[in-house]
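Please read the structure below before turning to the comments.
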Amino acid sequence: MSEETSILVDGEPRAAISVLDRGLMYGDGVFRTIRLEAGRAVWWQDHLAKLAADCARLGLACPGPEVWAADLQQL
Numbered sequence: 014m015s016e017e018t019s020i021l022v023d024g025e026p027r028a029a030i031s032v033l034d035r036g037l038m039y040g041d042g043v044f045r046t047i048r049l050e051a052g053r054a055v056w057w058q059d060h061l062a063k064l065a066a067d068c069a070r071l072g073l074a075c076p077g078p079e080v081w082a083a084d085l086q087q088l
């Protein structure tokens, strides 16, 4: 089985995360692993709800579903 890891930072594909990234430097950010099957996110609505709750808990602005959907299209 072939697996590929993709990273998006502010909607842009990256091979790595900069050591100067605010989330990396201060730890303020939300991280989720989302399984894709045939290019579609498994349990997508549940992930959206969890992302929104995580952002709210940390006082971070949460992108809307359309932003997340656009990011998924890049993966």
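Residue 54 in the working numbering is what sits at position 41 of the sequence shown, and the numbering runs on without skipping anything.
Glycine included, every Cβ here is placed at the ideal spot set by N, Cα and C.
Can you check DSSP and say which residues form a bridge with residue i?
i	result
Ile30	According to DSSP, Ile30 bridges with nothing at all.
Glu25	Val22
Leu49	Ala54
Per DSSP, what kind of secondary structure is residue i in: helix, strand or coil?
i	result
Ala54	strand
Pro76	coil
Gly36	helix
Asp41	coil
Met14	In this predicted model, Met14 has a pLDDT of only 35, less than 50, meaning its place in the structure is not dependable; the value taken from the coordinates is given anyway. In this structure, Met14 counts as coil in the three-state DSSP scheme.
If I'm right that residue i touches residue j with Cβ under 8 Å, what's the distance once you round it to whole angstroms?
i	j	result
Val55	Arg48	5 Å
Gln86	Pro26	About 12 Å; that fails the 8 Å criterion.
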